[in-house]
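Chemist:
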Amino acid sequence: MLKARSACLVAALWLGGALLPGVAHADAFSGLSSARPDETAATVSALAGSGAPQAGAVLQALGERHLFTTPDGGLYIRHGEACIDARTGQPVAVVPDGLKPIRLNNRIRTALAGAQAEMGLIAPQADIRLKAADALYGRHDPAMLLALDHALSVEKDRTVRTRLMQARAATILAQPPGQGAQDARLEAVRSLAAAGGLEARGILAGVARSDAEALPVRHAAQAAVSSIDWHLRAWGVLQNAFYGLSYGSVLLLAATGLAITFGVMGVINMAHGEMMMIGAYVTWMVQQGIRATIPALEPVAILVAIPVAFAVCGALGVLIERGLIRFLYGRPLETLLATWGLSLILQQAVRSIFGPTNIAVQTPAWLSGSVAVGGMDITLNRLAILVFAGLVLGGLMLVLRRTPLGLQMRAVTQNRRMAALMGIRTPRVDALAFGLGAGLAGLAGVAVSQIDNVSPNLGQSYIIDSFMVVVFGGVGNLWGTLAAAMALGMGGKVLEPTIGAVSAKIAILVLVILYIQRHPRGMFPVRGRGVES
Amino acid sequence: MPVNLPPLSRRAFGRLALASSAAAVGGMWRAGPARAAAPTGEPIKVGILHSLSGTMAISETTLKDVMLMLIAEQNRRGGVLGRPLEPVVVDPASNWPLFAEKARQLLSVDRAAAVFGCWTSVSRKSVLPVFEELNGILFYPVQYEGQECSRNIFYTGAAPNQQAIPAVDYLLSEDGGGARRFALIGTDYVYPRTTNQILVNYLKAKGIAESDIMVNYTPFGQSDWQTIVSQIKAFGSAGRKTAVVSTINGDANVPFYKELGNQGISATDIPVMAFSVGEEELAGMDTAPLVGQLAAWNYFESIDTPANTAFIRQWHDFTRNPKRTTNDPMEAHYIGFNMWVQAVTKAGTTDHDRVIDAMIGIRQPNLTGGVAEMLPDHHLTKPVYIGEIQEDGQFSVVWKTPGLVPGQAWSPWVPETKDLIGDWSKPISCGNYNKATKTCLGHKHA
Numbered sequence: 001m002l003k004a005r006s007a008c009l010v011a012a013l014w015l016g017g018a019l020l021p022g023v024a025h026a027d028a029f030s031g032l033s034s035a036r037p038d039e040t041a042a043t044v045s046a047l048a049g050s051g052a053p054q055a056g057a058v059l060q061a062l063g064e065r066h067l068f069t070t071p072d073g074g075l076y077i078r079h080g081e082a083c084i085d086a087r088t089g090q091p092v093a094v095v096p097d098g099l100k101p102i103r104l105n106n107r108i109r110t111a112l113a114g115a116q117a118e119m120g121l122i123a124p125q126a127d128i129r130l131k132a133a134d135a136l137y138g139r140h141d142p143a144m145l146l147a148l149d150h151a152l153s154v155e156k157d158r159t160v161r162t163r164l165m166q167a168r169a170a171t172i173l174a175q176p177p178g179q180g181a182q183d184a185r186l187e188a189v190r191s192l193a194a195a196g197g198l199e200a201r202g203i204l205a206g207v208a209r210s211d212a213e214a215l216p217v218r219h220a221a222q223a224a225v226s227s228i229d230w231h232l233r234a235w236g237v238l239q240n241a242f243y244g245l246s247y248g249s250v251l252l253l254a255a256t257g258l259a260i261t262f263g264v265m266g267v268i269n270m271a272h273g274e275m276m277m278i279g280a281y282v283t284w285m286v287q288q289g290i291r292a293t294i295p296a297l298e299p300v301a302i303l304v305a306i307p308v309a310f311a312v313c314g315a316l317g318v319l320i321e322r323g324l325i326r327f328l329y330g331r332p333l334e335t336l337l338a339t340w341g342l343s344l345i346l347q348q349a350v351r352s353i354f355g356p357t358n359i360a361v362q363t364p365a366w367l368s369g370s371v372a373v374g375g376m377d378i379t380l381n382r383l384a385i386l387v388f389a390g391l392v393l394g395g396l397m398l399v400l401r402r403t404p405l406g407l408q409m410r411a412v413t414q415n416r417r418m419a420a421l422m423g424i425r426t427p428r429v430d431a432l433a434f435g436l437g438a439g440l441a442g443l444a445g446v447a448v449s450q451i452d453n454v455s456p457n458l459g460q461s462y463i464i465d466s467f468m469v470v471v472f473g474g475v476g477n478l479w480g481t482l483a484a485a486m487a488l489g490m491g492g493k494v495l496e497p498t499i500g501a502v503s504a505k506i507a508i509l510v511l512v513i514l515y516i517q518r519h520p521r522g523m524f525p526v527r528g529r530g531v532e533s
Numbered sequence: 534m535p536v537n538l539p540p541l542s543r544r545a546f547g548r549l550a551l552a553s554s555a556a557a558v559g560g561m562w563r564a565g566p567a568r569a570a571a572p573t574g575e576p577i578k579v580g581i582l583h584s585l586s587g588t589m590a591i592s593e594t595t596l597k598d599v600m601l602m603l604i605a606e607q608n609r610r611g612g613v614l615g616r617p618l619e620p621v622v623v624d625p626a627s628n629w630p631l632f633a634e635k636a637r638q639l640l641s642v643d644r645a646a647a648v649f650g651c652w653t654s655v656s657r658k659s660v661l662p663v664f665e666e667l668n669g670i671l672f673y674p675v676q677y678e679g680q681e682c683s684r685n686i687f688y689t690g691a692a693p694n695q696q697a698i699p700a701v702d703y704l705l706s707e708d709g710g711g712a713r714r715f716a717l718i719g720t721d722y723v724y725p726r727t728t729n730q731i732l733v734n735y736l737k738a739k740g741i742a743e744s745d746i747m748v749n750y751t752p753f754g755q756s757d758w759q760t761i762v763s764q765i766k767a768f769g770s771a772g773r774k775t776a777v778v779s780t781i782n783g784d785a786n787v788p789f790y791k792e793l794g795n796q797g798i799s800a801t802d803i804p805v806m807a808f809s810v811g812e813e814e815l816a817g818m819d820t821a822p823l824v825g826q827l828a829a830w831n832y833f834e835s836i837d838t839p840a841n842t843a844f845i846r847q848w849h850d851f852t853r854n855p856k857r858t859t860n861d862p863m864e865a866h867y868i869g870f871n872m873w874v875q876a877v878t879k880a881g882t883t884d885h886d887r888v889i890d891a892m893i894g895i896r897q898p899n900l901t902g903g904v905a906e907m908l909p910d911h912h913l914t915k916p917v918y919i920g921e922i923q924e925d926g927q928f929s930v931v932w933k934t935p936g937l938v939p940g941q942a943w944s945p946w947v948p949e950t951k952d953l954i955g956d957w958s959k960p961i962s963c964g965n966y967n968k969a970t971k972t973c974l975g976h977k978h979a
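Sequence order for the protein chains is Z and W. Under the working numbering, think of the first position of the first sequence as 1, with each following residue one higher. Under the working numbering, think of the first position of the second sequence as 534, with each following residue one higher.
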C-alpha cells in the first residue's frame with residue numbers, strides 16, 4: 001500500500017517535473033535520460049510499441065552506447081564527431097556541451113533486448129524476425145502476447161512461424177494460471193514439449209511445480225519435463241564426451257613438446273611450461289603488432305602467431321640446449337635442478353618485462369561462441385584446439401618418420417655411438433631435437449592463450465599434467481602420449497560431474513600412480529634392447 | 534575493442550623504472566619537493582610483506598607499490614612524529630611458511646613499527662602466531678571470510694557482512710533480477726568455504742530452499758570449466774531466476790568467464806556476482822563477453838569523488854603509467870596507513886601496545902566520500918557497492934548500501950559463532966567474547 005502510494009507520488013513528481021517550463025521535451029523518449037534505471041527500462045519497453053519513427057535508431061544507439069544526453073534532457077546519437085538529434089534524426093552542426101552517455105545496467109539491457117525483439121517481429125528480413133522470435137521465446141514476457149499474435153497472423157515463412165508458435169506457447173505459460181483457457185495452456189505445454197531443450201524444460205518445470213495450475217496441465221508438464229530430461233541426459237553423455245576430448249586435446253598439446261625433450265631425448269625439462277608461456281606471450285605480441293600496423297589482418301593474427309611462436313620458442317630451445325643442457329647429459333638430477341632454475345629465471349624475466357598481471361590475448365570472433373549440434377553445444381575455440389592438436393601430432397609424426405632429421409633423431413636415441421659412427425653430427429641433432437620440443441611447446445602456448453589466462457605463471461599449471469601424460473603413455477612413444485592424454489581427459493570429465501572437480505583430480509592422480517606401479521613403463525612401453533641401457 | 538595495455542617498450546620501461554625506484558626509494562623522497570619540514574632523526578621502519586614473485590605476485594606487487602607511494606607521500610608531509618618513515622620490503626614469494634619467516638624477520642630484526650601485508654587468508658593464518666608472539670601490528674587489506682579477531686591484526690578489507698551478504702541481498706532484490714536459485718562456485722580453500730557456509734545459512738533464512746542452492750568447488754588454477762558451466766546452465770533451467778555467486782580466486786576467473794561467454798550465458802540470463810574480480814583482474818581479460826557481470830566491493834576506481842581522482846592521479850604519477858588501475862585492497866591500505874599515522878601521532882610513540890589501543894575509534898575519510906572508523910573488533914565501517922563490468926574494463930556502480938556497514942568479525946549466520954563478538958577496547962579486551970555467557974574464549978581464533 002505504502003509502496004503503491006510512493007510509486008504514485010514519484011510518478012506525479014516525474015510528470016510534474018516534465019511539465020515544468022524550461023524542461024524542453026516531454027515525450028516518449030524523455031524517460032531514457034532518467035537517473036533511475038527502472039524508469040529508463042520502462043521507457044525502453046514502451047518505445048518499442050510507440051510507433052515513434054526514431055525509436056529503432058535510438059534503441060540501437062542505446063545498446064551500442066552511442067546515445068548521449070544533455071543536462072536539459074536533450075538526446076543525441078554520437079559517432080565520433082558526427083552527432084544527430086535522436087528525436088528528429090537531423091544532424092546537428094555543433095556538438096552540444098555536457099554530453100553524458102546513458103549508462104546501461106542489466107535491467108535496462110533486458111528491457112532493451114525485449115524491445116528490440118518486439119520491433120524485429122515486423123522487420124522485412126526473415127532472419128531478423130527469426131532472431132526476434134528466438135529472443136521472445138527466451139523472454140516469455142506476457143506483455144508480448146499481443147505482438148506475437150499479430151506477428152503470427154501475417155507471418156508466411158515456415159521456420160519463423162514454428163519459432164513464433166513456440167514463443168507464443170512459452171508466453172502463454174508465463175501468464176498466471178488463472179488467465180486464459182486451460183486448453184490453450186495444455187496446447188502450449190505440448191508445443192514446448194515438442195520444442196525441447198533447456199529453456200523449455202525451465203518453463204515446464206515451473207508449470208509442473210505451480211500449485212495454482214490445473215491438474216491436467218500440471219501432469220502434462222510433468223510428463224514433458226521427464227521426456228525432455230531423458231533427451232538431455234542422452235545428449236549430456238555426448239556433450240561430456242566432447243568435453244573429455246577437448247580437455248584431452250589440451251593435455252596432448254601441452255605434452256607433445258615434452259614427449260620429444262623428455263620422451264625421446266630423456267631430458268627432464270622443468271622449463272617446458274615456460275616455453276608454453278613464452279609462446280602465449282608471443283601470440284600477444286603478434287596481435288599487438290598486427291593491430292598497430294595492419295588492423296585489417298587482426299582476425300587472423302592468431303594464425304600468424306603460430307609459425308612465429310614456433311620459431312621463437314624453437315630458437316630459444318636450441319639456445320638452451322647449446323648453453324645449458326648439453327653439459328648435463330647423463331646427469332638427470334642436475335638437469336632437473338638446472339631446468340627448474342631456468343624456469344624460475346624465465347618466469348621472473350617475463351614478470352619484469354611485461355608485469356606480473358595477466359595480459360589480454362584477444363579471441364577473434366570466428367573462435368568465439370558455439371554451434372549447436374542436436375542437444376550439444378560445441379564451443380568453437382575448443383573445437384579449434386582439438387583440430388589443431390590433431391594437426392600438430394600428425395605433423396610431428398611426419399617429421400619423425402619421413403624427414404632426415406626425424407631419422408637422425410631416432411637413430412641418435414637408439415644408439416648414439418653407432419649413429420655418430422655413421423656420420424651423424426649428434427650434437428647438432430640434439431640441439432635441433434630440443435628446439436623442436438620447445439617449438440611444439442610454443443604452439444601449445446598459442447592454443448592455451450585462447451582458453452586460459454596469460455600470465456608469467458601460465459607454465460606452472462601445465463608442467464605436472466604434461467609429465468603425467470608422457471609417463472603414463474609410455475616414455476618415447478607418441479601414440480602412447482595421444483592415448484594417455486585422451487584417457488586422462490576423458491577420465492577427468494567422466495568423474496567430474498559425479499564427484500566434483502577436486503575429487504576427480506585426486507582420483508585421477510591415484511589411478512595413474514596405481515597404474516604406474518603395475519606398469520612402470522606406461523601404457524605403450526617402447527620395447528627393444530637399446531632402451532634398457 | 535579498446536586496447537588496455539600500452540605498447541611493450543613503454544610498459545617495460547615503466548617496470549624497470551619502478552624496480553629501480555623501489556630499490557632507491559630511500560633517497561627518493563628527500564630529493565622530492567618538501568611540503569613540510571624535512572623529517573629528521575632515526576627513521577621509523579614500516580614493513581611491507583607482499584609477494585613479489587610466485588603465483589600471488591599478480592595481485593600483491595601492486596600493494597607493495599601503493600605502500601611505497603603512501604610512505605613517500607607521508608615523508609614529504611614531514612614524516613611521523615618528525616621522523617622519516619623507511620619502508621622495509623621483503624618478498625615472501627607466495628610461499629606460506631616463508632610468510633611467517635619474513636614476518637619474524639620484520640618484527641625481530643628490523644623492528645618494524647607496523648607491517649602492511651598478506652593477501653590470501655592462508656598467508657594471514659601463517660603469520661598470525663608470529664604477530665601475537667612478538668606483539669607486532671599487521672594491517673591486512675583484503676576482503677576475507679571473517680571468523681577471526683586478533684589483537685595484533687587490523688582488518689582493513691571487508692568482512693563477509695560488508696561484501697557477501699549485501700551482494701546476495703542485491704541479487705534477491707527486484708533491481709538485481711530477483712534471483713531465487715543460487716549457484717555458489719568457488720575455489721577450494723578457506724575463504725570460499727567459509728563464505729559459502731555463511732551464505733547458505735543466510736539464504737536459507739531468506740526462504741531459499743536447500744534444493745535451490747548449488748555449491749561447487751574447484752582446485753586452484755582450474756582452467757577447464759566446460760563441465761561446471763554446463764552444470765550451471767542446467768541448474769539455471771528450473772524455471773526460476775538463477776544467479777551465480779563466485780568466490781573463484783585470481784587466475785581461474787579468466788577461463789571461467791571465457792567459457793561462460795562461449796556457452797552463450799550472458800549477464801541478463803544468469804548474472805555472476807564475483808567477490809574476487811576487480812579492476813586489476815579485468816585488465817588481463819577480454820571484457821566484451823563480461824559486460825553486465827557483477828562484482829561487490831567497497832571501492833571502485835570509477836567512483837567520481839575529488840579524493841579518488843586525486844588518489845588515481847597520484848598513483849599514475851608514481852608508477853609513471855597512466856593506465857595502471859586502482860582497486861579495493863589499495864584503498865584499504867590507503868585507509869589503514871593513514872589510520873596508523875593518526876594513531877602514532879595520537880599516542881606520541883610507535884610503541885605497539887599504545888598504538889593498538891590508540892587505533893580504536895580513529896576516523897579516516899575513505900576515497901569514495903565516506904568516513905572509515907576503526908571499530909573495537911579491529912574492522913572498519915565501509916560502504917558496499919555493486920558494480921557492473923563495462924566494455925572499458927571499469928565498473929559502473931548500480932547499487933550501494935544506504936549507509937556505512939560496520940564490519941563484523943564473527944558471523945551471526947554460523948551457529949558456532951553467532952554469540953561471539955570481538956572487542957579490544959577496555960574493559961572487555963577480548964577477540965572472541967561470548968555475549969550470551971559473558972566469557973572470553975581466549976586464545977582460540979577460529
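Beta carbons are placed, not taken as given, at the ideal position from N, Cα and C, and that holds for glycine. Note that the coordinates shown come from a computational prediction; the quantities given were computed from them, not determined experimentally.
Should Thr842 (chain W) go down as buried or exposed, given a rule of 16 or more other Cβ atoms within 10 Å for buried?
Modeler: By the neighbour-count rule (16 or more Cβ atoms within 10 Å), Thr842 (chain W) is not buried but exposed.
Chemist: Taking Pro91 (chain Z) as the query, report the chain W residues whose CB atoms sit under 7 Å from its CB, ordered along the chain.
Modeler: Per Cβ cutoff of 7 Å: no residues; Pro91 (chain Z) is ~26 Å from chain W at best.
Chemist: At 3 residues or longer, and completely inside the segment 794-858 of chain W: list those beta strand (DSSP E) runs for me, N to C.
Modeler: List check, beta strand (DSSP E) in window: 805-807, 827-830.
Chemist: Along the chain, where does the alpha helix (DSSP H) containing Leu704 (chain W) start, and where does it finish?
Modeler: Unbroken alpha helix (DSSP H) run through Leu704 (chain W): 697-705.
Chemist: According to DSSP, Ile954 (chain W) sits in a beta bridge with which residue or residues?
Modeler: Bridge partners of Ile954 (chain W): W:Tyr966.
Chemist: Does the Cβ-Cβ distance between Ala194 (chain Z) and Arg163 (chain Z) come in under 7 Å?
Modeler: Cβ distance not < 7 Å, so Ala194 (chain Z) and Arg163 (chain Z) don't count as in contact.
Chemist: Using C-beta distances below 8 Å, list every residue in its chain close to Val888 (chain W), excluding the 5 sequence neighbours before and after it, in chain order.
Modeler: Same-chain partners within the cutoff: Ala646, Ala647, Ile670, Trp873, Ala876, Val877, Ala880, Thr882.
Chemist: Using beta carbons (cut-off 7 Å, strictly below), is Gly920 (chain W) in contact with chain Z?
Modeler: Taking Cβ atoms only, chain Z never reaches closer than 7 Å to Gly920 (chain W), which makes this a no.
Chemist: Can you look up Arg78 (chain Z) in the DSSP assignment and give me helix, strand or coil?
Modeler: Arg78 (chain Z) falls in the strand class under three-state DSSP.
Chemist: Who are His912 (chain W)'s beta bridge partners in DSSP?
Modeler: Beta-bridge pairing links His912 (chain W) to W:Tyr688.
Chemist: Answer yes or no: does any C-beta atom of chain W fall closer than 7 Å to that of Glu298 (chain Z)?
Modeler: It does not: the Cβ of Glu298 (chain Z) has no partner Cβ on chain W nearer than 7 Å.
Chemist: What residue range is occupied by the uninterrupted beta strand (DSSP E) comprising Glu906 (chain W)?
Modeler: Run containing Glu906 (chain W): 904-906, per the beta strand (DSSP E) assignment.
Chemist: Less than 6 Å between C-beta atoms, sequence neighbours within five positions excluded: which residues of the same chain meet that for Thr339 (chain Z)?
Modeler: Excluding positions up to five away in sequence, the list reads Asn269, Met270, Ala271.
Chemist: What are the residues in the segment 734-754 of chain W lying within 8 Å of chain Z by C-beta distance?
Modeler: Cβ contacts with chain Z: Asn749, Tyr750, Thr751, Pro752, Gly754.
Chemist: For Gly559 (chain W), collect the residues of the same chain with a Cβ closer than 8 Å to its Cβ; drop the 5 residues on either side in sequence, then sort them by chain order.
Modeler: Since pLDDT at Gly559 (chain W) reaches only 41, below the 50 mark, its modelled position is unreliable, and the value read off the structure follows with that caveat. Cβ neighbours of Gly559 (chain W) beyond the five flanking positions: Glu619.
Chemist: Anything in chain W within Cβ reach of Arg201 (chain Z), meaning under 9 Å, just list it in chain order.
Modeler: Within 9 Å Cβ-Cβ: Ala767, Ser770, Ala771, Gly772.
Chemist: Tell me which residue opens and which closes the alpha helix (DSSP H) that Phe414 (chain Z) is part of.
Modeler: The question names Phe, yet the displayed sequence has Gln at residue 414 (chain Z). Segment 404-414, the alpha helix (DSSP H) holding Gln414 (chain Z).
Chemist: Name, in chain order, the residues that DSSP records as bridge partners for Ser929 (chain W).
Modeler: Answer is W:Glu921, bridged to Ser929 (chain W).
Chemist: Quick one: grab the DSSP three-state call for Phe29 (chain Z).
Modeler: Coil.
Chemist: CA-CA distance, Val10 (chain Z) and Ser706 (chain W)?
Modeler: Any reading at Val10 (chain Z) needs caution, since the residue's pLDDT is 46, under 50, leaving its predicted position unreliable; the model's value is listed next. Near 20 Å, if we compare the C-alpha coordinates of Ser706 (chain W) and Val10 (chain Z).
Chemist: I believe Thr801 (chain W) touches Leu900 (chain W) by the beta-carbon criterion, under 8 Å. Please report the beta-carbon distance rounded to the nearest angstrom.
Modeler: Contact flag wrong, Cβ pair sits at about 31 Å.
Chemist: Just verifying my parser: in three-state terms, what is the DSSP assignment at Phe715 (chain W)?
Modeler: If DSSP states are grouped into helix, strand and coil, Phe715 (chain W) belongs with the strands.
Chemist: Counting only the same chain and skipping the five closest in sequence on each side, list residues whose C-beta sits under 8 Å from that of Met119 (chain Z).
Modeler: Correct list, in chain order: Ala48, Ala55, Gly56, Leu59, Ala132.
Chemist: Pick helix, strand or coil for Leu585 (chain W), following the three-state DSSP scheme.
Modeler: Coil, per DSSP.
Chemist: Rounded to whole angstroms, what's the CA-CA distance from Ala208 (chain Z) to Gly772 (chain W)? Just pull it up for me.
Modeler: In a straight line, the C-alpha of Ala208 (chain Z) is about 10 Å away from that of Gly772 (chain W).
Chemist: Please list, in chain order, the residues of the segment 794-810 of chain W that have any C-beta partner in chain Z closer than 9 Å.
Modeler: So the list reads Gly794, Asn795, Gln796, Gly797, Ser799, Ala800, Thr801, Asp802, Pro804, given in the order they occur along the chain.
Chemist: Should Leu398 (chain Z) go down as buried or exposed, given a rule of 16 or more other Cβ atoms within 10 Å for buried?
Modeler: So Leu398 (chain Z) ends up on the exposed side.
Chemist: Work out the CA separation of Cys313 (chain Z) and Pro535 (chain W) for me, nearest whole Å.
Modeler: Legend: pLDDT at Pro535 (chain W) = 39, less than 50; position of this residue unreliable, no value from coordinates given.
Chemist: In three-state DSSP terms, what is Val92 (chain Z)?
Modeler: Note: Val92 (chain Z) maps to coil in three-state DSSP.
Chemist: Excluding the 5 residues preceding and the 5 following Val304 (chain Z) in the sequence, name in chain order all residues of the same chain whose CB lies nearer than 7 Å to its CB.
Modeler: Same-chain partners within the cutoff: Val286, Ile290.
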